[in-house]
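Undergrad:
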């Protein structure tokens with residue numbers, strides 16, 4: 012075989028390697044079998060969005076913000092009732108004392124609404140910020156339910172006051188509707204509706220009715236709302252890896268991850284990335300694609316030291332992205348503070364065991 016033929020053959024093999032699936036399922040040593048048995052003992056079902064997944068006991072969600080439902084942004088925290096009461100008292104005092112840059116935008120805190128009908132908490136109507144015109148507003152709700160404190164915010168505009176007449180005319184000229192510029196009542200209705208549907212829950216508590224699980228909570232759901240949330244599970248710092256699940260029902264890609272990876276081959280090779288496994292998987296009736304990669308990673312505080320960096324990704328419903336088939340990205344990554352104590356085979360075994368339990372929660376979706 013001459014040099015030209017050899018190079019052509021290598022090029023074909025190289026191209027096929029990027030386009031074809033890469034299958035790898037680890038053969039464990041006795042030590043690795045013992046370790047993975049311990050890692051995967053006492054599996055517990057967790058509710059994430061409208062899905063379920065099983066994780067070992069001891070893995071706790073550490074993400075309590077970056078939750079978006081409809082027009083609302085939500086943060087959660089487990090608190091005792093006295094701490095919640097103190098929180099809203101201090102918050103109200105701070106908002107009352109806030110001074111705007113322009114005196115005509117005062118008061119910063121517009122109104123206070125105490126929650127009724129067995130709801131515990133308060134809604135503050137306030138300016139968006141001290142240096143922004145006062146027609147830019149925020150409803151900031153604080154709700155307490157089942158040991159969980161929820162902070163919910165919704166932004167809106169209200170230019171109904173005649174002092175905003177010139178601004179209102181400018182917005183209308185730019186194509187804004189009157190309803191958009193006088194949104195206090197409509198936004199308050201949305202907020203009260205959302206608050207009536209939120210409840211606190213423990214991480215292993217699995218609802219049976221239609222709705223979506225968020226970190227520390229559950230929302231009985233409507234099919235026409237945006238849902239965007241992330242769960243990040245950790246066991247302890249010495250593991251040096253996290254397992255996360257991101258769910259969005261309004262993201263719809265034009266192509267699939269395995270299609271895009273081909274165009275990234277140059278970048279991945281430059282980073283000395285090793286593709287451990289890539290391919291398609293069907294898990295409990297859901298089509299998914301996964302890529303398991305390993306790349307040399309520099310320790311964050313000691314860049315002269317390199318450690319094995321792992322990035323495992325599984326994506327579902329990438330081109331669907333709707334109410335019944337939300338986009339899901341499941342990821343396992345190690346941190347950059349130190350090498351994970353687990354071997355590559357152990358991490359893959361953990362990954363396979365956990366991701367194989369991913370499924371839709373019975374009753375999560377309302378009947379059409």
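Numbering (our numbering), first residue to last: 12 to 379.
Glycine included, C-beta positions come from ideal geometry on N, C-alpha and C.
If you're wondering where the values come from, they're calculated on a predicted model, not measured in any experiment.
Please determine, among 136, 331 and 177, the residue with the shortest C-alpha to C-alpha distance to residue 389.
TA: Because the chain spans 12 through 379 in this model, residue 389 falls outside it and cannot be assessed.
Undergrad: Does DSSP put residue 13 in a helix, in a strand, or in coil?
TA: With a pLDDT of 47 at residue 13, under the threshold of 50, the predicted position of this residue should be treated as unreliable, though the coordinate-derived value follows. Residue 13: coil per DSSP, three-state reduction.
Undergrad: Return helix, strand or coil for residue 101, following the three-state DSSP convention.
TA: Residue 101 falls in the helix class under three-state DSSP.
Undergrad: Short of 6 Å in beta carbon distance, which residues of its chain neighbour residue 342, apart from the five on each side in sequence? Order them along the chain.
TA: Around residue 342: 255 and 324.
Undergrad: Report yes if the C-beta distance between residue 253 and residue 128 is below 9 Å; otherwise report no.
TA: No, they are not a contact pair.
Undergrad: Count Cβ pairs between the region 105-118 and the region 194-207 that sit closer than 8 Å; are there 3 or more?
TA: Short answer: they don't touch.
Undergrad: Reducing DSSP to helix, strand and coil, say where residue 83 ends up.
TA: Strand at residue 83.
Undergrad: The alpha helix (DSSP H) spanning residue 176 covers which residue range?
TA: Per DSSP, residue 176 belongs to the alpha helix (DSSP H) from 176-184.
Undergrad: Please list the segments of the alpha helix (DSSP H) lying wholly inside the region 230-300, counting only runs of 4 or more residues, in order along the chain.
TA: Correct list: 268-274 and 276-281.
Undergrad: Which one of 89, 82 and 153 has the shortest CA to CA distance from residue 100?
TA: Minimum Cα distance to residue 100 is reached at 153.
Undergrad: Below 9 Å between beta carbons: does that hold for residue 245 and residue 365?
TA: Cβ distance not < 9 Å, so residue 245 and residue 365 don't count as in contact.
Undergrad: Below 9 Å between beta carbons: does that hold for residue 84 and residue 168?
TA: Cβ distance not < 9 Å, so residue 84 and residue 168 don't count as in contact.
Undergrad: Only counting the same chain, and skipping five residues up and downstream in sequence, which positions put a Cβ closer than 7 Å to that of residue 335?
TA: Cβ neighbours of residue 335 beyond the five flanking positions: 376.
Undergrad: Taking the alpha-carbon of residue 193 as reference, which of 298, 36, 185 and 148 has the nearest alpha-carbon?
TA: For the residues 298, 36, 185 and 148, the minimum Cα distance to residue 193 belongs to 148.
Undergrad: Under a three-way DSSP split, which group does residue 117 fall into?
TA: DSSP places residue 117 in coil when its eight states are reduced to three.
Undergrad: Would you identify the three-state DSSP class for residue 200, choosing helix, strand or coil?
TA: If DSSP states are grouped into helix, strand and coil, residue 200 belongs with the helices.
Undergrad: So residue 236 and residue 81 are in contact, right, with Cβ under 8 Å, and what is the actual spacing, rounded?
TA: 4 Å between Cβ atoms; contact.
Undergrad: Could you check if residue 251 is buried or exposed, using at least 16 other CB atoms within 10 Å of its CB as the buried criterion?
TA: Buried, by the Cβ-count rule.
Undergrad: So, using beta-carbon positions, are residue 310 and residue 349 closer together than 9 Å?
TA: In this structure, residue 349 lies closer than 9 Å to residue 310 by Cβ.
Undergrad: So, are the CB atoms of residue 247 and residue 211 less than 9 Å apart?
TA: Taking 9 Å as the Cβ cut-off, residue 247 and residue 211 do not qualify as a contacting pair.
Undergrad: Taking three-plus beta-carbon pairs below 8 Å as touching, is the region 353-367 in contact with the region 292-307?
TA: Touching, per the Cβ criterion.
Undergrad: Does the beta-carbon of residue 198 have 16 or more other beta-carbons within 10 angstroms, so that it is buried, or is it exposed?
TA: Per the 10 Å Cβ criterion, buried.
Undergrad: Roughly how far, in whole angstroms, is the beta-carbon of residue 249 from the beta-carbon of residue 352, given that I think they are within contact range, below 8 Å?
TA: 7 Å between Cβ atoms; contact.
Undergrad: Between residue 259 and residue 238, what straight-line distance do the alpha-carbon atoms span, to the nearest angstrom?
TA: Roughly 6 Å between the two C-alpha positions.
Undergrad: For a test of the three-state rule: what should DSSP assign to residue 94, helix, strand or coil?
TA: Three-state DSSP puts residue 94 in a helix.
Undergrad: In chain order, what residues of the same chain have a beta carbon less than 7 Å from the beta carbon of residue 4, not counting five sequence neighbours either side?
TA: Here the chain has residues from 12 to 379 only, and residue 4 is not among them.
Undergrad: Could you check the C-alpha separation between residue 41 and residue 344 for me, to the nearest Å?
TA: The alpha-carbon atoms of residue 41 and residue 344 are separated by roughly 25 Å.
Undergrad: Contact check, residue 63 vs residue 126 under 8 Å by CB: the rounded distance?
TA: Their Cβ separation, rounded to whole angstroms, is 31 Å, which puts residue 63 and residue 126 out of contact at 8 Å.
Undergrad: Between residue 183 and the rest of its own chain, which residues show a CB-CB distance below 8 Å, the 5 nearest in sequence each way excluded?
TA: Excluding positions up to five away in sequence, the list reads 189 and 192.
Undergrad: Measure from the alpha carbon of residue 371 to the alpha carbon of each residue in 218, 104 and 139, then state which is nearest.
TA: For the residues 218, 104 and 139, the minimum Cα distance to residue 371 belongs to 218.
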